[in-house]
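Novice: Before I ask anything, let me first share the structure, which is written out below as structure tokens.
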Amino acid sequence: MTKVLFVCLGNICRSPTADGIFREIIKREKLEQKIIVDSAGTGDWHIGKAPDSRTVAAAKKRGYDLSVLRARQVITADFDEFDYVLAMDNSNLRDLHSLRPTHFAGHLGLFLDFGSRKTHREVPDPYYGGNDGFELVLDLVEEAAEGLLTHIRQRLY
Ligand code: 4NP
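Position 39, counted from 1, in the sequence shown is what this note's numbering calls 40; the numbers after and before it change by one each time, with no gaps.
In structure tokens form, the structure reads like this:
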């Protein structure tokens with residue numbers, strides 16, 4: 002079993018998008034018994050809340066249902082649970098490095114390292130911007146999610 006945790010700041014925009022899209026890919030590939038997906042935020046403001054309505058609406062147009070997800074905050078124990086802890090941006094990654102127990106033997110890094118766009122290493126925070134930002138999140142996440150699947154497949158199966 003491989004367990005993947007996507008992490009952003011609020012867990013209401015970027016990481017739920019990655020969660021929902023990667024979950025859908027896992028379902029499409031019939032890998033639900035082999036790969037587990039979750040998401041969390043480094044911040045605590047939105048704990049228990051559904052994803053941002055703009056995120057839900059943009060994802061719905063591409064066939065992803067994010068409405069069932071609920072925000073939670075990342076905890077140290079997540080490093081014992083998950084094999085891949087993937088940050089949306091460098092600020093999230095720094096926060097995760099401070100939380101990471103020394104014995105963690107999994108992969109902690111940027112999610113977009115599994116993407117192929119040279120223009121983006123981080124998923125830009127869409128929270129304070131317009132609709133374009135939410136579409137860009139979807140574009141970047143869809144691409145990197147396929148790259149992540151290829152990587153996990155090559156490594157494990
Ligand atoms: P996310 O976006 O990290 O992609 O979920 C944000 C959501 C909320 C806030 C910031 C970023 N906030 O400041 O409340």
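By construction, the Cβ of each residue, glycine as well, lies at the ideal position given by its N, Cα and C atoms. These numbers come from a predicted model, not from an experiment.
#1: Is Arg24 buried or exposed, if buried means 16 or more other CB atoms sit within 10 Å of its CB?
#2: Using the DSSP secondary-structure output, state which residues sit across from Tyr85 in a beta bridge.
#3: Let's see if you can read the secondary structure: which residues bound the beta strand (DSSP E) around Gly42?
#4: Between Ser16 and the rest of its own chain, which residues show a CB-CB distance below 8 Å, the 5 nearest in sequence each way excluded?
#5: Please find out if some non-hydrogen atom of the ligand 4NP comes closer than 6 Å to the beta-carbon of Ile1.
#6: Would Ala72 and His47 be called neighbours here (beta carbons separated by less than 7 Å)?
#7: Please work out which residues of its chain come closer than 7 Å, Cβ to Cβ, to Leu157, disregarding the five sequence neighbours upstream and downstream, and give them in chain order.
#8: Here's a check: name, in chain order, each residue in its chain whose Cβ is nearer than 6 Å to the Cβ of Leu141, leaving out the five neighbours to either side.
Specialist: With the given structure in hand:
#1: Buried, by the Cβ-count rule.
#2: DSSP output for Tyr85 lists Val5 and His108 as bridge partner(s).
#3: Ile36 to Gly42
#4: Cβ neighbours of Ser16 beyond the five flanking positions: Phe7, Val8, Cys9, Ser40, Ala41, Gly42 and Met89.
#5: Outside the shown range of the chain, which is 2 to 158, sits residue 1, and nothing can be said about it.
#6: yes
#7: If we look at Leu157 and ignore the five residues flanking it on each side, its Cβ neighbours are Thr3.
#8: Cβ within range, chain order: His121 and Val124.
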